Each structure stands twice: as structure tokens, then as C-alpha cells.
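Structure first, commentary second.
Protein chains: 2
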Amino acid sequence: MTTVRTRGLDGIFRPRSVAVVGASRREGSIGRQVVANLIAGGFQGPVYPVNSRAEVVLSIPAFSRVRRIPGPVDLAVIVVPPDAALKVAEECGRKGVKGLVVITAGFREIGGIGIEREERLRAIADRYGMRVIGPNCMGIVNTDPAYACNASFSATPPPIGSVAMVSQSGALGEAILADAAQAGIGVAMFASVGNRVDVTAADLVAYWGADDHVRVILLYLESVGEPQEFLQVAREVARRKPIIAVKSGRSDAGAQAASSHTGSIAGADVAADTLLQQCGVLRVDNFRDMFTLAQALLHQAPPRGRRMAVVTNAGGPGILATDALVSLGLEMAAIGPTTARRLRRVLPAEASVHNPIDLIASADAARYRAALRVVAQDPGIDGLVVLFVSPIMIDAAAVAQAIVDETRRLQKPVLACVMGRQRGDEAQAILQRAGIPVFRYPEDAAVTLRLMARRWRWLQRRPAKTPKYRVDKAAAARLLRAHRGSWLPGSVAEAVLQAYGVPFAPSRRVRDAGDAVVAAHKVGFPVVLKAEAADLLHKSEHRAVRTGLRTGDEVLAAAQELMARLRPEFPDVALQVQRHAEGHREVLVGMTRDARYGPLFAAGLGGVQVELLRDVVIRIGPLDGRDPQEMFAGLKGAALLGPFRGSPAADVGAACELLLRLQQLAADFPHIQEVEVNPFILAGRGGGSVAVDARLRVAP
Amino acid sequence: MTTVRTRGLDGIFRPRSVAVVGASRREGSIGRQVVANLIAGGFQGPVYPVNSRAEVVLSIPAFSRVRRIPGPVDLAVIVVPPDAALKVAEECGRKGVKGLVVITAGFREIGGIGIEREERLRAIADRYGMRVIGPNCMGIVNTDPAYACNASFSATPPPIGSVAMVSQSGALGEAILADAAQAGIGVAMFASVGNRVDVTAADLVAYWGADDHVRVILLYLESVGEPQEFLQVAREVARRKPIIAVKSGRSDAGAQAASSHTGSIAGADVAADTLLQQCGVLRVDNFRDMFTLAQALLHQAPPRGRRMAVVTNAGGPGILATDALVSLGLEMAAIGPTTARRLRRVLPAEASVHNPIDLIASADAARYRAALRVVAQDPGIDGLVVLFVSPIMIDAAAVAQAIVDETRRLQKPVLACVMGRQRGDEAQAILQRAGIPVFRYPEDAAVTLRLMARRWRWLQRRPAKTPKYRVDKAAAARLLRAHRGSWLPGSVAEAVLQAYGVPFAPSRRVRDAGDAVVAAHKVGFPVVLKAEAADLLHKSEHRAVRTGLRTGDEVLAAAQELMARLRPEFPDVALQVQRHAEGHREVLVGMTRDARYGPLFAAGLGGVQVELLRDVVIRIGPLDGRDPQEMFAGLKGAALLGPFRGSPAADVGAACELLLRLQQLAADFPHIQEVEVNPFILAGRGGGSVAVDARLRVAP
């Protein structure tokens, strides 16, 4: 397990001198482009081209070997073929180079010999204490004039700004830089991290988190390398500055493609998605959304709630904005009587003071000004979308200025949408200069607002303490010790969980039909009869469960039928006689230990039918005391747990406690790989929820 | 009920002379802009400005009144205030004008007097047989040089092309024209239809459907005016040319905004969505998707299946494309051994011949050419997304040319995505000129492909005949005739449905507990006991249902408890004793008659829990024999009806038949407003599915 390290990264992003090993005179070569970019980027220190044949590269005297360079070298950019790259790395180490940017490909991503090469590169870096970006990357950029360093072969020099970006794909790095420039996003630093033999996204998040020049961090990820480290770092940095990510590999096919590409193991995307959410990283679907969100968060406050107002001069776009906001989980603010009255006073009779507030086509700057002044004061509005379709008879620039003036000091986000003729011209420029993001379509503004609202909610979230339950750890330890193999027998799993305070429906285990009747009278009617055997895994396929048995006679008949039918195939078959659990709301609760993510906790709806819908929320441990509630509330079918049709709400609290008890169990016994209680039958709020089935697997 | 009429529309879109009533000399006025647009648009006939004061408008002699115009007038564009507009319309009628474009606002959309004005306008148009576009619109455009007629106040003259567009919003009309121009979409005709006093979207779809110059029809709708007419026309036209729609009012709040705006009644969006799907209109979320889809359908064949291949020179974008395709319901084609072997022969070892096919960064035009030649021949691939991130060392234009050459005669769609430095330059231009849509992000290409695939599936669909069931219509008629009020008593509803062949679980109705025991023995155990009373609507809230009663004693106890508890509140309480229906898969099936849409049919998952998830598919009648299956297959939880955990698939066929029987019932008795069978308990394929509850409402 590596830890997050920011030490030494200055050697890469703020070097005083740079060697380019594999610098070239050839037009269109990477070795030439890197030198050209360093020069064009205004690097303040010396650039040393290293080339065994050329004496000069782009007017700069070249050296045949790194060791021939007279002065100290902070950063070496390596573009020679892979085997030569290892020799160069070794030479750099001996020369005291602080950081390497290895652009060369042919490492882990090609498998076989490439993996070996990568291990050797790692060993060299470790031996000399050098930090390494790459291999198989497109380089790094720092635009800060004091340290200007474009050590990449990007064709697009990024404009100076306060956004830092990391890309796990070299090719997309190029595209991201180009798109950022077009979107008007200024870049503070950029890194294409390639195979991440050393420097990871987590390292860079930590590095940029501590850098006041960086105000927003953008990530393009194909996998999350070290989930637990990333979680820790990002969670802390995201409190101070927004982190926005595009994570590819969302689909199974995409994840498979991601794992064959750049040699990274594709994490289950569900886990990655959970991880990003838990640490406050705003995951977006594409680069368009990434840039607009970055732009918005640079200049606008996130909304402190979901209640949005739309101000427009045309009905159609107002409806489109409303549709988009509502479909993304935001709300249309209800315009209170005071605001409505004030609006009525400044608007013509045909205007609508409902939300969307329609100033109608004749609205000029004065009307926008008057309306916005009223709306801005309404405390029931958390954010504003101002739409303007430019009619020929209205001065668009004046309207834009009115929007800017009236919303300047507002502690709420203001997003604008300019449609029609005036797009791209003065009105748009006036808004953008004032830090108001301008969109072409209202839908895009809504997407951005939704993510801004999500950031606010995450910032507001305060973790709750995890209770420490009194459990019988010694009893559980004894039970677990006595067991060989991976899956515990049902009775043992149940006993372990009972030692950790998990309530089960009363049951007895018997070996013949007569005993089943006795057991049924002891646990109380009605009962459920379940056949158990070591190899009997799918109970319902073998019709091994009989429910709703109300008399001794029914139990006897069912038990005899089960034994007669199953004993030939499963000689060890036994019967569990369990009291029927009241309640019709069922949930499942579980933990799976992932090799990379650690314990993953699951909360879902249970029951045969609903289970097929796979409505499960996953979170990465450790869970705090608030997580379980949020998990159940996050289910698509959460309403099924609330009150309905005369039944009171289910006791979700019992399920939350169960989740935390499983967490305690998993923490106490790290060799437990998987534990699931399913179904857990929820009673009403008064208590009495019980587990009726559970499974537990340990590392063999 | 109006009918679709295309008669007289030539008078509007192909006039030989145009009068502009309210033509103005004032800069920035609509009256001036319309005249200017007619001149700039190259109108071939005479333009007659009508203005009571000015003698000349934009160098054209003006007339004080329409009747003073010496020659005949085909089209009059009216921009005078609303009351004057009515007088002008009357005068136009007398003069023999064929069509009016009424730009003037102040009609239905302002309510009250505006509604009255609109009725008067309609009466005038009817009296003189004039067609009317508007009121409250921005005009119409025809770019065909032979009929060039820009009778609008749009600031953006559209480029000539083969797309026809209708907008229900004037303001968005302006934006749409501007965006179309920017997206490179050429326009054949355009109409902003405003309040649609006469000409509707359906009229225009029919008109353009018959016009060979028009190859794609685009709609911006806020509501579907006459659903049944639209359904009929669009279904027929969509077979010949693609129709693409943005329909706003998707959210409830948006629909509310839509209904207050332009005075149109907002249809339930679900019904509108269903309508568009049923008639093959491709509904998109926003204008961006509308234009890219239009562009693609103009030049590319729709894919004949879901299997897509991605060819890329960079891993990252390949993964993004894969994610997007899969998340939209398309599939990544499996690359067969033949294609893989052929690819291996032309690609370097590091390349991936899996899908996404990664030609890696060194791929030049020759490699793209070789790979595409192989892929193009694979019959297992239905469509292609070609990605190109332009590396500095590759000639991007040559790659673009290779893509064009190798896919030119392909009967499959080819979409391209050019990322990075080369965006917007030569490569993109080469692809676009060749009719290959170029996207900035792979996600956008996937959205377009998905919709193209949807069009193919719709075109392939062949309706199945609706069976005519033998029913006892006379018995149903007697039962319905005997009833007063709206909701039928449960027993009557059941009898009506039984007359139409709907199977019910056997049951008896009794008035006291003792009779319940006798009834239980007759229907057979186990039984369900339900209390019924005229005012007892929510049975579960009153705990009026007792299930799983297995003995006479249990029935007696339950019946006594129900009667004792409910009789004080519901003196007419009776008991239904029903045999418990076997089977755990429940569906609901129903029909609601909508004032505008006619009968709407619903198919959904039933059962208390699943019902809360509101998983219901709606279709507008008449249903054909294939509709019911498609409805059940379209449920989110359709898997719940398939085989699982040892249970065989449920007999969905029985539910499909039930839907068609309800349709027959609704057709036979037009005063039935609503009928629902819920739950309908599905047995396995062998038969035996039964209804256990039903409700039926008639018009009083």
C-alpha cells in the first residue's frame, strides 16, 4: 500500500532547469515539440536538449549524454525508446535529477516485457529518490510565469488560469487542453500521468490542494489507483476547492476496454462512483459539463438549496429550463405573495409572475433590471437562471449589463442563457467578463446548477459518530475459529451474527419430520420450514422452503415431503423450523471486502421480487453514523420503506444499526470476506425487526 | 374535432404577392424587419407595404389600406395591434387574400378578451376560406429560390436546404433558425405557428410530407394540439422521412408553465411522449441533439441493429464512446475471428482488435484505411463510430480522407469524432463535406446513433391484427344500463368484465359471517375476505382485506371482526369471499378515456409494493395486436415477469389478451371512462391467470 506523497513534486512542476532527452530537430517529432513548447512557454531556466547526434536543437546547444550537461538538472523529460529510457533514468539518478517525465511508451500497457521495464523504472526512481510522471504520457505544464514550464508535446498552449487538471489518458490530455482553451478555462497546471509508476492522481490532488494558485481541480480518470488513499486526500481537499471528474469505464464494456488500455485494472465502476461521491468529487458525464461546471464554480457561489427561479423574456425557453431543472432533482421556487406583488408593480399585465417569471418579448434592460432587483431579494430562491432570447427591437448589451449589475453582489448562483441572434456577441461577452456563465441551451445551465447544489450539500454534510456496540466478540471468535472452509454453515453464520447483536426470528434445527413438529410448537406458529444442506445453495430452485405453516399437521406433511424429496440428493439434509416473521418490508444488508477498496457495504431492498430490480446502494467503509440512513434514503424504491396504504413506516433504524454492527464485525475479524443478512424483515417503528437468513464467508 | 388540412397552404408558403400590413419605416420595428426580410430573401413577386401614414417603406411604395392594393394579394402578413388586426383580416378576406400570417400578439395567450378575439379571427378565416398562421407568431420562411419568401421578423436568414421546421414558440423559432445556421443545417421551409388558430403542426407535417424538397421535418412542440390527427398524419409521413421533435413540458412544472404560456392546454406529457413514440417521431431532449440527428439522418443510413464498432487511435476516447453507447442501450459488436485475424494482419502488435478497435497513437491514414476496409466488411457490425485524436506527428486531413474513402459506399451509419488540436479545421471539414457527421465528444455521437437505431426499429415494426373476441355484449349492456352514478359496485364491474371474458378468481358475496363460512367452503380454501361498501374506497387503509384464511374457523373469526369493526361506519358493508389466487406475479391493466387523446391503455406491474414504484407503460389506442406485448416488455421491471429462482415465466400472454379485451369493451361502450383490473394474478404459461379486483367508471 503506497501512501500519498507530494514531496519532490516541485522538482517536476517548478524545476530550475530541464533536460529533454531525445530532443530532436525533426519537424513533427515529439522530441522537437517538447523543446519548442518549453521555449514558447517561456521557461525561465536553461533547457538542455540531449541528443547523441545533433549538436543544436531549435537554436539551443545539445548534449550527447545527460551526464555531459554542465549544470544541475531538476527535471528530465524522456522521449527515447523504452530500453534506452531505463538507461537514461539511471544516468539521471546519478546526476541528481529530481524529477522525470517519461513520455516514452512500451511499458506496462503492452504487458509482458513492458511490465518488467516498468518495475525496473520504479526501482531506479526509488533508489535515487526521483519522482516520476508517466511513463506513456504526454507531459506536464505549469503556466505560472515564475515557473513557466510546458514540458509536454501538446499542440495547444493552455491559457494561464487557476484550474489544475490531471489526465490518465495522454490523447485525451491533448483534447482536454484544446477544449479548455476553447471554453475559456485558464490552466494553472496540467499533468498527463500515463501508467502512474510513481506520481498518482491522489498525489496531484494533494499537491494542488495545498497550492493557493489552484482554485479548481479537474480529473480525467480511467480507474482509481489507490482508492483508500484517494478517498482520504480528496475528501480533505474537496472541502477547500471543488474537484470535478470525468471517470470513464462506466459500462461493463467500457471498464473492460479501460482495463486492457494503459494496463490499469478496471475497478468496478460502482465502487469508483461511490468513492467519488463519498469524497465530494463531482462526477460529470463529459468534458462539456466538466468545463462549464469549472467555470461556474470559479465565479459563482453554490446554491444553498434546491429552489431555483427562472427569469425569461420568452415562454418556450422558460419551459425548457423548468423541465431540465425539475428532471435533475432541483425545484422551481414558489414565488411568495410579497415577491409576486412587487413583480406585478414593475411588470406589464401580460407578464407572468409565476416561476418561470416571464417578462415577455418586449422586456428591455429596464424591465430586466426591475424584475431581477425584486427576485434577488427573495430569500425563498436559492439560485437564478436568467434567459434572454434577443428580439430585434431590444438592446441586448444593455440587458446583459442589467443582469450583471443587479446580481453582482448576490450570494446565490446566477447562470445565464442567451439564445438567438445575439449569441457569441456583446451580450454574452459582458456576462462572461462579469463571471456569469453563459449557456446556449437552458438544459446545460440546469446540469451545472444541479452539480453546484450537490457540492453545497456535500459541504454541509457533517459525519455522525459511529456507535460502538457491546458484542460478544469472544463467542464469535470461537465460532469462527472452529470453522474450516469458506462459507459458514447457516447455523454458525447465524450464531456469529447473534453474538454481534443481530436479532433473528426464533428457530430450531432438526433432523426429522417429527422433531420439526415439536420445534414448531416451541418457536410458535405460523412457521417457515427450510431445508439445509452443505451443497444446497439455491433453496428456491429446489423448492426447499415452505412458508405459512399454521398447524402441527401442516408442518409434519411439509417436513415429510421435503425430507423424502431432498434426502436422496442431499444426504446431510436438515430442517430449520423458523417462526414466521411479521412485516412485509424486507431489506438486505451486507459487506464484501474488496482487495483494493476494502470493505464495501450494501443496503438494498429485499424480497424475491424487488431484489430482481437490483436496487442496492453501496458505500465504501468506514461508514460513519450517518451513512446507513443516507444509503437507505438513496434507494430508488425508498418510498417502499415509508408509510403507505395504512401501514406505518418501516423501522429503517433497525436496518441502519444492523449495517453498523456488520461493520464492527468486519473490523474485528479481517478474514471475513463477505457477510449478508437477507432478508431482514422490518417491523414498524416499535421494534421487532428480525433477520431470517444470513450468509458469511471467510478467507480460507 | 378538426381534420388535417393542407389545402390552401401554398397561399402561405408559395404566394405570388405579399402584403405587409403594419409595414414600418422605424428601425428595429417588426413591421420594417418583415419587409426587409422579404426583400433580402429574394421574393420574386410584388411586396405591398400597408401603412396608413408612410408612403414608402424601404423604397417600396406603400398603401394606406389593403383594399387600395391594385393587384391580387396571396399572402398578408399582419403586424398591427390586435383589434386592428381583426379589421385587416376581414378586409383581406373581402379582397380574396388566400393566407394570413398574423404576427400580432394579444389573443388567446392573454386570456379573457384575447380568447374572444381569437374566436373572431377564426370565424373570419372560416368565412373567407383563408388559411391562417398564428396569431402571436414570428412568421414563415420558404427558401426555395422559385418561391423565396421570408415572411418573418427573424434576424437570421436561414441557409437553403432540405429540412423543414415548425416552432410553437416564436422566441425559440428565432433561436432555432440561428442554431440551425450555425450547425450547418439548410432549411427548406420554416413556420412559427403561434396560437394555431388554424394551421397546426399536423397540417404542416402533412404538407411537408408530400413535398419532395423536404427530407427531414423538425418540430418544437409545447403541446400536441389534436393528438389523434397528429398520430395519423405523423405515422404516415414518418415512414417516408424522419420527423424529429423537441417537446417541452416534460416535467409537471414545465407542463404548467407551458399551459399558462401561449394559451395551449398542456397535455399530460406521458401521453404526448407515448404519442410521439407511437407515430415514429424521434423525440430528443434538446436542440443540439435535434440538429445533429437531422444532420446524420440527411446523410447516413440508420443502423439495422444495435451492434456498434468503435475505431480509435486512443484508448481514452474509445472507453468514453463505449460507455456512452452501452449506457444508451446499444451494444459493442463482438469482433469475430475472421475480422480479428484480418485486423491483426494490418495492425501493429500493440493495437487492440477487440472493440473498441485501438489503432494506437501512431495510426496514420494508411492504417485507418486498412483497418476500416476490414471493419466495413464485417456483417456483424451495424454501425461505426470513428474516433481520431490528432497527434502532432500525423496528417489529420489524410486520415479524414481515408475515413471518407473507406466508408463511402457503406450501407451502415458512420459517425466521426475529431478531438484535440485539429478540431474545426481541415479534417473536420473533409468529413462534413462527405456527409459524415463530426462530433466533438463521443457521447454526442452515441446519442445520435441511438436515435437512428430507434428509427430503424420503428420502420421495421409491422402491426399485428387485433383479434375480435366473442363476448356477451348484450349482458354487459344490460348491466351498464341498470347502473346509476359513476363508479360501478365491485360486483357489477366484475360481471361486466366477465361478460367480456375476463377470468376472475371464484368468489361469493355475503352479508353475514356465517354465510361467509359457507361461501368459503364453496369457493375452496384458502380464501381471501374483503369488506365492500359504497363509501369504502381504500380497502387497505381500513384493513378491510384478510388473506390466507384456511379453515372455516379462521373465516368466521375474520368475518366477525370485519363486520363488527366496519358496520358502524359503513352500514351497507358486505363481504366478498374469494378463493386465493395462486401465483406471485401481479400486473395491472387498464384503460382511461382522455378528452383529447381518446382511450389510453396502461400495462404495469401490480402488487402493493411494486405498484409504489409506478412502473407503468401507457399507449394511445387503438392498440394493434403487437402493442400489448411491447407494453409489458417495456416495463422497467419486465424481468419480474420472466423466469426466476426456479419459477417459470409468467403468462404475460393472458395479460396481453386482457388488454385487448378491455379495448373491445371500451370501443363497444364509449361512455366507459375508466376500467382497471388490478391485480391480475399471472399463472405460468399453462393458463389459469385470474383477476382478483377491478374497477369501472362510466360517464354519469
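Sequences listed follow chains A and B, in order.
So in this note's numbering, the last spot in the first sequence is 700, and the numbers never skip.
So in this note's numbering, the last spot in the second sequence is 1400, and the numbers never skip.
Built from N, CA and C at the ideal position, the CB exists for glycine as well.
In this text the structure is predicted, and so the values were computed from the model without any measurement.
Let's see if you can read the secondary structure: which residues bound the alpha helix (DSSP H) around B:Gly1000?
As a position in the second sequence, residue 1000 of chain B is number 300, starting the count at 1. Sequence inspection shows Gln at residue 1000 of chain B; the Gly mentioned does not correspond to that position. Run containing B:Gln1000: none; DSSP gives neither H nor E here.
Grab the span of the beta strand (DSSP E) containing A:Met563 for me, first residue to last.
What you label residue 563 of chain A is simply residue 563 of the first sequence in a count that begins at 1. Per DSSP, A:Met563 belongs to no beta strand (DSSP E); it is in the alpha helix (DSSP H), Gly552 to Leu566.
I need the DSSP call for A:Ile78, collapsed to helix, strand or coil.
As a first step, residue 78 of chain A must be located in the first sequence, where it is residue number 78. Here A:Ile78 sits in strand by DSSP.
Anything in the region 839-863 of chain B with a Cβ closer than 7 Å to a Cβ of chain A? List those residues in chain order, please.
Going along the region 839-863 of chain B in chain order, one finds Phe853, Ala855 and Thr856 with a Cβ nearer than 7 Å to chain A.
Grab me the residues of A:Ala427's own chain with a C-beta within less than 8 Å of its C-beta, minus the 5 sequence neighbours each way, in chain order.
Along the first sequence, one-based indexing puts residue 427 of chain A at 427. Once the five neighbours on either side are set aside, the close Cβ partners of A:Ala427 are Phe388, Ser390, Ala396, Ala397, Val399, Ala400 and Val418.
Going along the chain, which residues of its own chain have a beta-carbon closer than 8 Å to the beta-carbon of A:Ile319, five neighbours each way excluded?
If you number the first sequence from 1, residue 319 of chain A lands on position 319. So the list reads Pro356, once near-sequence residues are dropped.
Among the candidates A:Gln663, A:Ile620, A:Ala603 and A:Gly134, whose CA atom is the shortest distance from the CA of A:Asn678?
Your numbering for residue 678 of chain A matches position 678 in the first sequence. Among A:Gln663, A:Ile620, A:Ala603 and A:Gly134, the Cα nearest to that of A:Asn678 is on A:Ala603.
If the criterion is Cβ atoms closer than 8 Å, does the pair B:Pro1003 and B:Asp1082 meet it?
Here the question's residue 1003 of chain B lines up with position 303 in the second sequence. Here the question's residue 1082 of chain B lines up with position 382 in the second sequence. In contact: B:Pro1003 and B:Asp1082 (Cβ atoms closer than 8 Å).
With a Cβ-Cβ cutoff of 8 Å, do A:Ala19 and A:Tyr48 count as a contact?
Taking the first sequence and counting its residues from 1, the one referred to as residue 19 of chain A is at position 19. Taking the first sequence and counting its residues from 1, the one referred to as residue 48 of chain A is at position 48. Going by C-beta atoms, A:Ala19 is nearer than 8 Å to A:Tyr48.
Closest to A:Gln295 by C-alpha separation, out of A:Asp444, A:Gly249 and A:Gly329, would be which residue?
Here residue 295 of chain A is taken as the residue at index 295 of the first sequence, counted from 1. If we check each option's Cα against that of A:Gln295, A:Asp444 comes out closest.
Closest to B:Thr1292 by C-alpha separation, out of B:Arg1395, B:Arg1279 and B:Asp1212, would be which residue?
What you label residue 1292 of chain B is simply residue 592 of the second sequence in a count that begins at 1. The shortest Cα separation from B:Thr1292 among B:Arg1395, B:Arg1279 and B:Asp1212 belongs to B:Arg1395.
Kindly list the residues whose CB is nearer than 8 Å to the CB of A:Phe43, restricted to its own chain and excluding five residues on each side of it in sequence; keep chain order.
Here residue 43 of chain A is taken as the residue at index 43 of the first sequence, counted from 1. Only Val18, Ala148, Cys149 and Asn150 meet the Cβ criterion.
Give me the DSSP bridge partner(s) of B:Leu1300.
As a working mapping, residue 1300 of chain B is identified with position 600 in the second sequence. DSSP, once it has assigned bridges, lists B:Thr1292 and B:Ile1320 as partnering B:Leu1300.
Name the chain A residues whose beta carbon is nearer than 9 Å to that of B:Val1316?
The count along the second sequence starts at 1 and reaches residue 1316 of chain B at position 616. Within 9 Å Cβ-Cβ: nothing; B:Val1316 doesn't reach chain A, min ~15 Å.
Excluding the 5 residues preceding and the 5 following A:Phe107 in the sequence, name in chain order all residues of the same chain whose CB lies nearer than 6 Å to its CB.
Against the first sequence, residue 107 of chain A aligns to sequence position 107. Same-chain partners within the cutoff: Gly114, Arg117, Glu118, Pro135, Asn136 and Asn195.
What are the partner residues of B:Met889, as DSSP defines its beta bridges?
Counting from 1 along the second sequence, the entry for residue 889 of chain B is found at position 189. For B:Met889, which the question treats as bridged, DSSP gives the partners B:Asn842 and B:Ala864.
Please compile the residues from chain B whose C-beta is within a distance smaller than 7 Å of the C-beta of A:Ser722.
With chain A covering 1 to 700 only, the question about residue 722 of chain A has no answer from this structure.
Can you find the residues in the same chain that come closer than 6 Å, C-beta to C-beta, to A:Val652, ignoring five residues on each side of it along the sequence?
Numbered from 1 along the first sequence, position 652 holds the residue referred to as residue 652 of chain A. So the list reads Phe632 and Leu641, once near-sequence residues are dropped.
Are the C-beta of A:Ala314 and some C-beta of chain B separated by less than 8 Å?
In the first sequence, counting from the first residue as 1, residue 314 of chain A sits at position 314. At least one chain B Cβ lies under 8 Å of A:Ala314.
Strictly under 8 Å for the Cβ-Cβ distance: is B:Asp1064 near chain A by that measure?
Here the question's residue 1064 of chain B lines up with position 364 in the second sequence. Output row for B:Asp1064: interface = no.
Taking its Cβ as the centre, do 16 or more other Cβ atoms sit within 10 Å of A:Glu222, making it buried, or is it exposed?
What you label residue 222 of chain A is simply residue 222 of the first sequence in a count that begins at 1. When all chains shown are included, A:Glu222 counts as buried.
Between which two residues does the alpha helix (DSSP H) harbouring B:Asn737 extend?
Looking up residue 737 of chain B in the second sequence gives position 37. Counting along the chain, the alpha helix (DSSP H) containing B:Asn737 begins and ends at Ile730 to Ala740.
Who are A:Phe439's beta bridge partners in DSSP?
Walking along the first sequence from the start, residue 439 of chain A turns up at place 439. Bridge partners of A:Phe439: A:Cys417.
Output the boundary residues of the beta strand (DSSP E) element that contains A:Phe388.
Mapped onto the first sequence, residue 388 of chain A falls at position 388. That run of the beta strand (DSSP E) goes Gly383 to Val389.
Which class does A:Gln377 belong to by DSSP, given the choice of helix, strand or coil?
Working through the first sequence from its first residue, we reach residue 377 of chain A at position 377. Coil.
Go to B:Val1192, then tell me how far its alpha helix (DSSP H) extends in each direction, as first and last residue.
If you number the second sequence from 1, residue 1192 of chain B lands on position 492. Gly1190 to Ala1199 is the extent of the alpha helix (DSSP H) around B:Val1192.
Cβ of B:Lys941 within 8 Å of Cβ of B:Gly909?
Numbered from its first residue, the second sequence carries residue 941 of chain B at position 241. Numbered from its first residue, the second sequence carries residue 909 of chain B at position 209. A contact, by the Cβ cut-off of 8 Å.
Strictly under 8 Å for the Cβ-Cβ distance: is B:Ile965 near chain A by that measure?
The residue given as residue 965 of chain B occupies position 265 in the second sequence. With a pLDDT of only 35 at B:Ile965, under 50, the local geometry of the prediction cannot be trusted, and the value read off the model is given with reservation. No, no contact with chain A.
Let me check one thing: in DSSP terms, what residues is B:Ser1052 bridge-paired to?
Position 352 of the second sequence, counted from the start, is the residue given in the question as residue 1052 of chain B. Answer by DSSP bridge pairing, in chain order: B:Asp1058.
What in chain B is Cβ-close to A:Asn286, meaning under 9 Å?
As a working note, residue 286 of chain A is residue 286 in the first sequence. Neighbours of A:Asn286 on chain B, chain order: Leu1020, Ala1024, Tyr1141, Pro1142, Glu1143 and Asp1144.
Are any of the Cβ atoms in chain B nearer than 8 Å to that of A:Ala683?
Residue mapping note: residue 683 of chain A aligns to position 683 of the first sequence, counting from 1. Judged by the 8 Å Cβ criterion, A:Ala683 is not in contact with chain B.
Indicate whether at least one CB of chain B lies closer than 8 Å to the CB of A:Glu532.
Here residue 532 of chain A refers to the residue found at position 532 of the first sequence. False, the Cβ-Cβ gap to chain B never drops below 8 Å.
Going along the chain, which residues of its own chain have a beta-carbon closer than 6 Å to the beta-carbon of B:Cys1356, five neighbours each way excluded?
To locate residue 1356 of chain B, count along the second sequence from 1; it is residue 656. Excluding positions up to five away in sequence, the list reads Pro1328 and Gln1329.
What does A:Arg239 touch in chain B if you count any residue whose Cβ is under 9 Å from its own?
Numbered from 1 along the first sequence, position 239 holds the residue referred to as residue 239 of chain A. What A:Arg239 touches in chain B: nothing, since even the nearest Cβ is about 29 Å away.
Which residues in the same chain have their Cβ closer than 8 Å to the Cβ of B:Val914, if we skip the five residues on either side of it in sequence?
Start at 1 with the first residue of the second sequence, and residue 914 of chain B comes out as number 214. Cβ within range, chain order: Ser862, Val863, Ala864, Ala888, Met889, Trp908 and Lys941.
Listing by chain order, which chain A residues have their CB less than 7 Å from the CB of B:Ser729?
On the second sequence, residue 729 of chain B is found 29 positions in, with the first residue counted as 1. Chain A residues near B:Ser729: Met393.
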